[in-house]
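Trainee:
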Amino acid sequence: MNERTLIIIKPDGMQRRLAGEIIGRFEKKGLKIVAAKFLQIGLELAKKHYAVHKGKDFFDGAVKYISSGPVLVMVLEGEKVIEITRKMMGATFGYNAEPGTIRGDFGTSQTFNLIHGSDSPETAKYEIGLYFKPDEILDYQMPDQKWV
Ligand code: ATP
Ligand code: MG
36 MNERTLIIIK PDGMQRRLAG EIIGRFEKKG LKIVAAKFLQ IGLELAKKHY AVHKGKDFFD
96 GAVKYISSGP VLVMVLEGEK VIEITRKMMG ATFGYNAEPG TIRGDFGTSQ TFNLIHGSDS
156 PETAKYEIGL YFKPDEILDY QMPDQKWV
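Basically our numbering = 1-based index in the sequence shown + 35.
1. Mind reading off the beta-carbon distance from I43 to V106? Whole number of angstroms is fine, and I expect it under 8 angstroms.
2. Which residue marks the beginning of the beta strand (DSSP E) containing E10, and which one marks its end?
3. Is A132 helix, strand or coil by DSSP?
4. Sort D140, Q50 and K67 by Cα distance to K181 and report the nearest one.
5. Are the beta-carbon atoms belonging to V110 and I163 less than 7 angstroms from one another?
6. When you measure from the CB of D154 to every non-hydrogen atom of the ligand MG, does any distance come out below 6 angstroms?
7. According to the neighbour-count rule (16 or more other Cβ atoms, all chains shown, within 10 Å of its Cβ), is Y130 buried or exposed?
8. So what's G125 in DSSP terms, helix, strand or just coil?
9. Would you tell me roughly how many angstroms separate the C-alpha atoms of D92 and F147, rounded to the nearest one?
10. Is the beta carbon of G125 closer than 7 angstroms to that of E133?
11. If I follow the unbroken beta strand (DSSP E) through K67, where does it start and stop?
12. I need the straight-line Cα distance from V108 to P178, nearest angstrom please.
So, in structure tokens, the structure goes:
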């Protein structure tokens with residue numbers, strides 16, 4: 036069964052011109068982009084995005100950070116795509132993330148960690164619904180699908 040996940044290249048990822056690098060890693064892995072949007076997340080949407088963290092001490096900071104500049108929001112689809120993308124992102128804090136992962140290779144920060152990825156099928160469903168209408172998610176085949 037194909038799974039979907041919401042990926043966001045966060046403001047620091049865009050400002051540091053790492054979007055191509057990050058998308059390139061997902062493409063080379065064999066993952067498939069089925070939706071994409073470039074926007075600046077408003078405060079209200081940011082609060083909905085991080086609703087699970089409401090009440091935690093880093094909530095305000097996380098909301099402020101993700102709404103601080105343009106971001107690239109994408110839906111990726113494929114078997115086990117949530118597990119795969121979370122592994123490729125690395126641990127939440129740059130200083131903990133293993134080399135070879137996106138956060139491990141490009142950052143050291145506890146807050147500015149370049150990328151967001153949904154952490155479960157339930158979260159993915161909720162998060163995708165915040166950014167995309169059903170008809171903005173495309174259904175198409177790629178020629179190497181049987182190999183990757
Ligand atoms: P994301 O949800 O953005 O993909 P994550 O799932 O790895 O990241 P979460 O625990 O969901 O991590 O935290 C959401 C975001 O809040 C983190 O990406 C980070 O920017 C920020 N954050 C989390 N914990 C802390 C903390 N202790 N101090 C500062 N910022 C934090
Ligand atoms: Mg999270």
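Quick reminder that beta carbons are idealized off the backbone N, C-alpha and C, glycines included. Just so it is clear, the structure is predicted and the values come from calculations on it, not from any experiment.
Mentor: Walking through what the data contain:
1. 5 angstroms
2. Examination of residue 10 is not possible in this model, given that the chain is present from 36 through 183 alone.
3. coil
4. K67
5. yes
6. yes
7. exposed
8. coil
9. Computed Cα separation, rounded: 16 angstroms.
10. yes
11. K67 to Q75
12. 24 angstroms
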